[in-house]
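Numbering (UniProt numbering), first residue to last: 1 to 469. C-beta: ideal position from N, C-alpha, C; glycine also. Everything below concerns the one structure shown next.
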């Protein structure tokens, strides 16, 4: 006999959950209108209708916030069109969301390991977990909602990659206030394990890069100088062979904060609940300005929000199309003023740029065991290497990251940011980095022009003298 048939035969003998509880055992069920409530009453699991929709969804929300802010949805893209929803835990530990009227399963989990005595519990941090009551380790979850985030990043969640289990912790916006299905925006850490790239979070609109926070540099994301130790929460970035993720935890349990991918504002926002005003107040938001727009200045250029124009070619580079550049169309970016020598007679060198959001890390390579000198040597030996820096700026700096090809999406900050060493030809380094060279060039040019003018004048007077005589 199938599980669904078995369940419906015995429904009459199984009362729905009426008392305040945070757990569900096999063959217990939740009807639309009943809920699970976390131990201290912070979160609630049940059926809800978003905005002006008529559909019903199974989700988790803040219980004591007036607008019932939803933080997780099970059946995001598979709504129930009436109040016949039924939620249960079966004897193998899998969750099933059923439609009572036609007895169909519209959402379920698929555990790789079967539990002996499965138990579903809504934790006080908002995590919905399945564990085995036989397991003495209560933190050993067979399944958890935190592994399948929606548009909301709560304290204790991870945002990143579990390389061992093949799980991606990625946020995605709602389609609209009325529809929790995946919208246009997604936010997650991007990393190429095969090529050992420098991991970094990226906000995408569809498949297009929309905003980067910059890679983690040991202290913060290089594009978020405002991310510093604060009184609200602690944060951590974990980068190992098994996992790469960002997480945060509250310093004060009375604080209610979350990070949301907002389809309406096209942004990643950290919000704080202000109880006295009964509102969610933005703590920070990204993108912040024009310079946060991905690739605003094209290749090999930096965006400086206080400059006019905001886009400037990096030293040693010039606009690819001067006409477009002067028309404030920076999409074509900049190209080298002089080609690299690489292994030729004229050695290449590096210019140091400070206070930057580091370039897009899609085409990078990282070695956490190298120092800056070794990193420079590694870059010089590879003709495709265009820039390098430390992967960790704590203390005296450590680790190595090198970039290949054009450098995209750089911005400069008045404070904070990071150093980047960009490869240019030796002659360009002498020109842009040594004011004496420039001064000598100006003097020589002036002398040459003066001599030329003198020769012209002498020739002019000789001609006049010949005509006169």
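Same chain only: Cβ atoms within 6 Å of residue i, ignoring 5 sequence neighbours per side
i: residue 62; result: 69
i: residue 46; result: 35
i: residue 366; result: 196, 198, 391 and 401
i: residue 39; result: 22 and 124
The alpha helix (DSSP H) enclosing residue i, as first and last residue numbers
i: residue 300; result: Premise fails: residue 300 is in no alpha helix (DSSP H) and is neither H nor E.
i: residue 324; result: 322-326
For residue i, three-class secondary structure by DSSP
i: residue 473; result: There is simply no residue 473 to check, as the chain begins at 1 and stops at 469 in what is shown.
i: residue 28; result: coil
i: residue 77; result: coil
i: residue 292; result: helix
i: residue 387; result: strand
i: residue 63; result: coil
i: residue 132; result: strand
i: residue 415; result: coil
i: residue 431; result: helix
i: residue 82; result: coil
i: residue 242; result: coil
i: residue 147; result: helix
i: residue 254; result: coil
Sequence-distant residues of the same chain with beta carbon closer than 7 Å to residue i, five excluded per side
i: residue 153; result: 159, 171, 258 and 259
i: residue 117; result: 132, 133 and 134
i: residue 425; result: 338, 339, 340, 341, 346 and 348
i: residue 284; result: 226 and 270
i: residue 59; result: 48, 70, 72, 73 and 74
i: residue 191; result: 161, 197, 199 and 244
Own chain residues within Cβ distance below 8 Å of residue i, not counting five before or after
i: residue 310; result: 290, 291, 296, 297, 303 and 304
i: residue 441; result: Confidence in residue 441 is poor, its pLDDT being 47 and thus under 50, which makes the residue's placement too unreliable to answer from.
i: residue 301; result: 311, 312, 313, 314, 317, 330, 333, 334 and 410
i: residue 81; result: 54, 55 and 56
i: residue 92; result: 111, 114, 115 and 118
i: residue 415; result: 225 and 355
i: residue 221; result: 200, 201, 213, 214, 215 and 227
i: residue 106; result: 75, 78, 80, 97, 98 and 99
Backbone CA spacing between residue i and residue j [nearest angstrom]
i: residue 113; j: residue 315; result: 57 Å
i: residue 87; j: residue 22; result: 14 Å
i: residue 360; j: residue 157; result: 25 Å
i: residue 390; j: residue 368; result: 9 Å
i: residue 357; j: residue 43; result: 37 Å
i: residue 128; j: residue 325; result: 53 Å
i: residue 308; j: residue 49; result: 48 Å
i: residue 84; j: residue 239; result: 45 Å
i: residue 27; j: residue 252; result: 38 Å
i: residue 137; j: residue 120; result: 15 Å
i: residue 65; j: residue 399; result: 45 Å
i: residue 264; j: residue 280; result: 15 Å
i: residue 212; j: residue 407; result: 14 Å
i: residue 180; j: residue 29; result: 24 Å
i: residue 193; j: residue 236; result: 21 Å
i: residue 210; j: residue 294; result: 5 Å
i: residue 169; j: residue 429; result: 43 Å
i: residue 178; j: residue 336; result: 50 Å
i: residue 144; j: residue 109; result: 10 Å
i: residue 286; j: residue 101; result: 45 Å
i: residue 150; j: residue 126; result: 13 Å
Limits of the unbroken beta strand (DSSP E) element including residue i
i: residue 262; result: 257-262
i: residue 143; result: 141-144
i: residue 231; result: Careful: residue 231 lies outside any beta strand (DSSP E) and carries neither H nor E.
i: residue 307; result: Unbroken run through residue 307: none, as it is neither H nor E.
i: residue 400; result: 400-404
i: residue 283; result: 279-286
i: residue 181; result: 179-190
i: residue 161; result: 159-162
i: residue 334; result: 334-336
i: residue 211; result: 208-212
i: residue 44; result: 43-48
i: residue 367; result: 364-367
i: residue 393; result: Premise fails: residue 393 is in no beta strand (DSSP E) and is neither H nor E.
Residue-chain proximity (residue i, chain D), Cβ-Cβ < 7 Å
i: residue 129; result: Included in the structure is just one protein chain, with no chain D present.
Taking contact to mean 3 or more Cβ pairs, one atom from each stretch, closer than 8 Å, check whether the segment 364-382 and the segment 321-341 are in contact.
no
Measuring CB atoms only, is the segment 65-79 touching the segment 173-183, in the sense that at least three cross pairs come out at less than 8 Å?
yes
Decide yes or no for the touch test of the segment 326-345 against the segment 357-375: beta carbon pairs closer than 8 Å, at least 3 of them.
no
Between the segment 176-187 and the segment 199-210, are three or more C-beta pairs nearer than 8 Å?
yes
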